[in-house]
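Asker:
Number of protein chains: 2
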Amino acid sequence: MKPITFDSNCYWIDGRPIYLNSGEFHYFRVPKPDWRRRMELFKEAGGNCLATYIPWLIHEPEEGHFVFDSGDGTTDLEGFLETARETELYVIARPGPYQYSELIYGGLPSWLFDRYPEVQAHTLEGRPFGLPSVSYLHPTFLTKARAWFDAVCPLLAGQTVQRGGPIAFTQFDNELMGVHIWFGGLDYNAEAMGFGDPEGHYPRFLADRYGSLIELNEAYAADYESFTEVRPISSAEADPGRTSDIRRLRDYFHFYLHVTTVYAQTLCAWLRDHGVDTPLIHNSANPDMNAYFVEMVETLGEDFLLGSDHYYNLDQTWPQNNPTPQYARNVLLSNESLRLLGYPPTILELPSGSCSDWPPITASDAHACYMTNLAYGMKGHNYYVFTGGPNPPGAGETTDLYDYGAPIGAHGQVRPLYEVQAAFGQFIDDHPWLVQAEREHDIRFAINFESARADRYWQARGDLLFTNAEAWRFLAAGLLTTGLCASLSPVCVNLDADDWVDDTATPLIVATGAAMSQAHQERIVAFLQRGGRALIAPVLPTVDETFVPCTVLSDFLGAPSFRRGVEAVIRVVIKGVEGEIRNVLKNEVFFAAPPEDAVVVGYDECTDAPLAWEVATSGGGRVILLGMTWEHRKDEQSQALLALLNRLGLSRVIISTNPAIWLALRTRGSKSLLFMMNLFSSSMKTKVVYRPGSGGQVDLGEHQIEAMSVKAVEVRP
Amino acid sequence: MKPITFDSNCYWIDGRPIYLNSGEFHYFRVPKPDWRRRMELFKEAGGNCLATYIPWLIHEPEEGHFVFDSGDGTTDLEGFLETARETELYVIARPGPYQYSELIYGGLPSWLFDRYPEVQAHTLEGRPFGLPSVSYLHPTFLTKARAWFDAVCPLLAGQTVQRGGPIAFTQFDNELMGVHIWFGGLDYNAEAMGFGDPEGHYPRFLADRYGSLIELNEAYAADYESFTEVRPISSAEADPGRTSDIRRLRDYFHFYLHVTTVYAQTLCAWLRDHGVDTPLIHNSANPDMNAYFVEMVETLGEDFLLGSDHYYNLDQTWPQNNPTPQYARNVLLSNESLRLLGYPPTILELPSGSCSDWPPITASDAHACYMTNLAYGMKGHNYYVFTGGPNPPGAGETTDLYDYGAPIGAHGQVRPLYEVQAAFGQFIDDHPWLVQAEREHDIRFAINFESARADRYWQARGDLLFTNAEAWRFLAAGLLTTGLCASLSPVCVNLDADDWVDDTATPLIVATGAAMSQAHQERIVAFLQRGGRALIAPVLPTVDETFVPCTVLSDFLGAPSFRRGVEAVIRVVIKGVEGEIRNVLKNEVFFAAPPEDAVVVGYDECTDAPLAWEVATSGGGRVILLGMTWEHRKDEQSQALLALLNRLGLSRVIISTNPAIWLALRTRGSKSLLFMMNLFSSSMKTKVVYRPGSGGQVDLGEHQIEAMSVKAVEVRP
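In order, the protein sequence lines correspond to chains A and B. Sequence positions in the first sequence follow this note's numbering and run 22 to 738. Sequence positions in the second sequence follow this note's numbering and run 22 to 738.
#1: Whole angstroms is fine: what's the gap from residue 323(A)'s alpha carbon to residue 191(A)'s?
#2: Return the chain-ordered ranges of every alpha helix (DSSP H) run that is complete within the region 215-256 of chain A and spans a minimum of 4 residues.
#3: By the criterion of Cβ-Cβ separation under 7 Å, what are the contact partners of residue 435(A) in chain B?
#4: Consider the Cβ of residue 392(A): report whether some Cβ of chain B lies at a distance smaller than 8 Å.
#5: With a threshold of 8 Å between beta carbons, is residue 729(B) in contact with chain A?
#6: Would you kindly check if the distance between the Cβ of residue 694(A) and the Cβ of residue 505(A) is under 8 Å?
#7: Helix, strand or coil for residue 575(A), going by three-state DSSP, please let me know.
#8: Threshold first: 3 residues or longer. Then list the beta strand (DSSP E) segments lying entirely within the region 307-363 of chain A, N to C.
#9: Tell me the DSSP secondary structure of residue 687(B) in three-state form.
#10: May I ask you to report which of helix, strand or coil DSSP gives residue 98(B)?
#11: Starting from residue 64(B), trace the beta strand (DSSP E) both ways and give me its first and last residue.
#12: According to DSSP, what are the bridge partners of residue 649(A)?
#13: Quick check: what's the CA-CA separation for residue 2(A) versus residue 224(A)?
#14: Examine chain B for any beta-carbon lying closer than 8 Å to the beta-carbon of residue 125(A), and answer yes or no.
#15: Going by Cα to Cα distance, which pick from 311(B), 288(B), 509(B), 507(B) is closest to residue 166(B)?
#16: Is there a Cβ from chain B that is less than 8 Å from the Cβ of residue 411(A)?
#17: State whether the region 488-497 of chain A contacts the region 705-725 of chain A, with contact taken as three or more CB pairs (one from each stretch) at a distance under 8 Å.
#18: With 8 Å set as the bound, which would you pick, yes or no: does the beta-carbon of residue 723(A) sit closer than that to a beta-carbon of chain B?
#19: Write down the C-beta distance between residue 622(A) and residue 591(A) rounded to the nearest angstrom, noting that I regard them as a contact closer than 8 Å.
#20: Output the boundary residues of the alpha helix (DSSP H) element that contains residue 392(A).
#21: Given this structure, state the Cα-to-Cα distance separating residue 440(A) from residue 41(A), to the nearest angstrom.
#22: Can you tell which of 737(A), 710(A), 648(A) has the C-alpha that lies nearest to the C-alpha of residue 692(A)?
#23: Distance check for residue 688(B) and residue 712(B), CA to CA, integer angstroms please.
#24: Cα separation between residue 64(A) and residue 45(A)?
#25: Given a cut-off of 8 Å on the beta-carbon distance, is the pair residue 113(B) and residue 43(B) in contact?
#26: Flag residue 417(A) as yes if its beta-carbon sits less than 8 Å from any beta-carbon of chain B, otherwise no.
#27: What distance in whole Å lies between the Cβ atoms of residue 280(B) and residue 201(B), which are believed to be in contact at a cut-off of 8 Å?
#28: In chain A, which residues lie less than 8 Å from residue 652(B) when you measure between Cβ atoms?
#29: Taking the alpha-carbon of residue 483(B) as reference, which of 735(B), 189(B), 317(B), 262(B) has the nearest alpha-carbon?
#30: Can you give me, in chain order, the residues of the region 472-501 of chain A that have a beta carbon less than 7 Å from any beta carbon in chain B?
#31: Any beta-carbon of chain A closer than 8 Å to the one on residue 266(B)?
#32: Can you check which of these residues, 584(A), 539(A), 362(A), 607(A), is closest to residue 739(A) by C-alpha distance?
#33: Indicate the three-state DSSP secondary structure (helix, strand or coil) for residue 603(A) in the structure shown.
#34: Roughly how many whole angstroms lie between the Cα atoms of residue 407(B) and residue 429(B)?
#35: Checking the sheet assignment: what are the DSSP bridge partners for residue 730(A)?
#36: Contact between the region 545-564 of chain A and the region 623-641 of chain A is defined here as three or more beta-carbon pairs at a separation below 8 Å; is this criterion met?
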């Protein structure tokens, strides 16, 4: 077996682009006599890789006593790897330390918490989170985890593809940070963080960030006498709109991300020390958390790959029982984020059954989920789980028989979900060019990763007009959702990168709050100076990402002064080229006096106050500023967005007459696949028109899309 | 047209039981020339009643200047009533004052807020909520609203069915309290509430409740010198688990309900003063708010009818895009609550289109919604809206053309939703006995209305084991959901009433927190003393509803002492008659030492500590105490609940082999309809068995239930 490599578009084996089709398969659950048969079933369904947790809990049941072969298979990791190799399936090894997997203690050994309760994450007040939330950099935890890695890594290192084994990727830990954020917030374990310790992580982080105490005291409106004196503040004690407090909360969140990165670096170093020579990977717990990994991606460099977990329902408290357009929109943002970070979008946990029996994960819902992920650029996945079995005695958290409603049941029975996965595997095999395909796009959305995570520290506006957390929500639920209903074909660009600035072929949409780094502002200015066209809403940034005044973009656009519209009744009118769209439903409006040479393209009918205008910039760029927010609800919002984008020269690639049917066209050379998504529970019709880049218009006919399904047809213009 | 009367089972006209099939139809929107045609269309679809708001906004555009016929129909209320009468359709008149209906200012006149901004509801800090949240008892608001009623009521009074007109019901206001709770919390307008005024509502309420200052000071752990000195505390300043603070928050919430009731009484008196002689009705905004109306129901008496609004999706922030089992469960609780309050369960706003174009309300989803409501006992409804049209100029909040995706569009076009409603009307007509049918049940759930609203004031446990807000959530998401997945056929009983105490035919399930009134506790004891069988979980009450120690029920059951299980790993085992169910997934466990004569039926495998036991009571009753909470997720939870209920002699009426298909069997005499609900997005199969009360077992065959549909079949045993 040859190593698997990757770039931001797809995976490769030996110079051949491939789709990574992996399935989770736990040797400690699946009965050993059935390993080979189930592996072969997976291979027949198109699989080429298996993933497995390697639970510390079962391999080190007593401290210092490691068990790696108990005969019955439960701890026979090597036997499993051998069987996988013989079946010619790659393996993703996931040795933790933490892993959850519905095991008690999250897969960590019970003695760890019994003997060393100090390793738990702590709240700011010093209260332990409880199990299994460990404090990543607690020295005792690191010592015990190191011993575990010292035991397991040699086994893994001997079985990598480079050494003739099946292990193609090694994952450290699991859904990092979730174990804190879901159970208590950020970790403030004083010993791990080094509060008050001159050599501690926290004082050193602050010293690195601020250089001098004077700078820190100015930023914090404080008068500390040393870095070691500084302590984080809680959200409760912070004034949520006070700039110095937002800075402190932001710094602690960034410090927490830094600590997590140091932990990841530590685990990676241990793996490398032992000769584990595969790419190292990690799974963001969900689309909303991808932005938490930006620092880790920068730090770990080329040998690292980030994927994301894309569940749509794990119990009745989830927003929806089945995939929905809201889920699809989050998938789009997640896949684009992963691509922009340099990775082939990989769903490291793609739903395949559920830890809950109810609400049920049905085979047809799962198929719609898989096709949605594919439509939005998924280049690899790992089904969680392909098959289960009995938990080791006493080790199960949710149940003793870990069936999971998986395609292959705990007793080896084949379920309808297996047929769905086989069909999905066949679909991928039938379109081998799809792994290198890209979305044909007509619009670009700017991603500011700092905005995507600003809700962790920025809760109120204070003196600023609009928070970046609100801007991110507006991007997702407003602009992007409206755009998808309006048949836009968006891709995303990364404001942290330069690679998009010279490309002025399609307009750019920027949802911004009051804060944007100078580099981001300069990139947008540079894009406009090269002739770029941009829609910016609902305000212009007035401060940089550290809340220091920074008006590069605003100055470039004539420095308009915004105010929040507080009138009792505001009736928004948007002026399209072919007429006005009246009374467009909004959440909020920001008025500003446009520069003299601007054309007003939106106003309040009650007061005539302008709230959108278009202006030409130096270098031939064109900008529309739109002082308005919304969550998508009304067709008028789609019409208004299209009217504004048409002014900026939008040319839609592909159009659905039914706004509820979202489209994605993925193309490689002369081959194209059109995905038509109906993620509602009723069958729907749509007519589709394609406008190839070469000009003209192709009628792609009327389509009936069954409820909760994604129809894919080949398009040959 | 004869008057329509009602009892708790159904509506009646002239001694004949009828189904109220109403549709919202706004004369101020629908073009007058099309009134008759659209009314006839509704009648052809089975309709027998229309409902309309009568917007203060358009009828009193300037203060003191009333307009009731502007020629084009927009204000031609009388013409509308005349056309309805000619078409032989009853009318539900909804004159507000507040009504929303997607009109600016919520249908209140703009001059009201411009001239008298003091009428707005206020936060505790005195900040106005903004539009259109009025403070119900503000004297200026009442003066202006009275003038509006003085103008409109004579028109209504002359057109009641008793006087030969079509008006069968009159609704005061709309979705009372929603306008506060959604936009800022409870209303604290100092002038309206009379803070500090010896004759004010608030001091008088406290004096009524406590009788003496000594009592109040004891309850509040305070030392006030007069009732007028007392001020409410905010949730933020309250210690959430401190009994005296919970009492204060609870008292203010009850006072707020009292104020709302006084407002309702005031509006009713005005209507009656003017001779409006129909029953007066009101719509609870959603199932969760029904319990807020208990005092109003008691106060307004026999001529009042409470209904509820049952939307499933109005914009993308709603939990789901379509009806779901979670929605169905809430419908069941809502319909049962209305029935227990004395009313035929009536959905005064049943989804018929939406104020949002996206996510779409599809015809087939709506049909599943209607059938679900019918399965769970709906005896009347009002489609919101049956048809729309252009808003009066400048009056629309969400759009200018109020199309709503209604069955008859704004331009009069007939949509597929119309066919669905026609089919639903036909279904009702085809089963005329259904309006008097009742659900065949095998289990009863106790409703404690105070628990259903305890989340408004009780946020933390403090020294108590379990809050009543948690108990309500456990009832809905845990016990009831598990029960429905386990093919239980539940109805509800009202702990405030005596009517169920003598009926020991089926077991009772009681989800209780730490607080239960003495009367409730005594009723449960009385039920057991008559031989009743009950499952009580997860604790026994230790205080009454005012948080004064009260252990009537606990004493009757041997006064066990509970403790919260805090062990790191707890493995719940439930002992069924035919074997044990092991490792049952729980949220939380409460351990208690059972009385000597008890049989342990549940324990923690790790410590052997008992968490469920069965005990016989004096009078031949039987109780199982189950110290465990959960949200329904696993089949094992269904098995555990069935195992315990089987010990109490449960005999299920009707059983589905597929736990995702929920059943309801509605019977009248020899006729029965079996409803089989599939509120998931995949087609499913189930086999159904019926066990009639007469004994034996009837195989009702295998059924394929299409995705998002409710199949109803006649059952003739």
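Quick reminder that beta carbons are idealized off the backbone N, C-alpha and C, glycines included.
Answerer: Walking through what the data contain:
#1: 14 Å
#2: 222-231, 234-241
#3: Neighbours of residue 435(A) on chain B: none; closest Cβ ~17 Å, over 7 Å.
#4: no
#5: yes
#6: no
#7: helix
#8: 325-330
#9: strand
#10: helix
#11: Where residue 64(B) is concerned, there is no enclosing beta strand (DSSP E), although the alpha helix (DSSP H) it sits in stretches over 56-65.
#12: 610(A)
#13: In this structure chain A extends from 22 to 738, so residue 2(A) is not present and cannot be described.
#14: yes
#15: 288(B)
#16: no
#17: no
#18: no
#19: That belief does not hold up - the Cβ atoms of residue 622(A) and residue 591(A) are roughly 16 Å apart, past 8 Å.
#20: 384-396
#21: 19 Å
#22: 737(A)
#23: 13 Å
#24: 13 Å
#25: yes
#26: yes
#27: No, residue 201(B) and residue 280(B) are not in contact; Cβ-Cβ is about 10 Å, not under 8 Å.
#28: 336, 337, 338
#29: 262(B)
#30: 498
#31: no
#32: A question about residue 739(A) goes unanswered here, because the residues of chain A that appear run from 22 up to 738.
#33: strand
#34: 6 Å
#35: 699(A)
#36: yes
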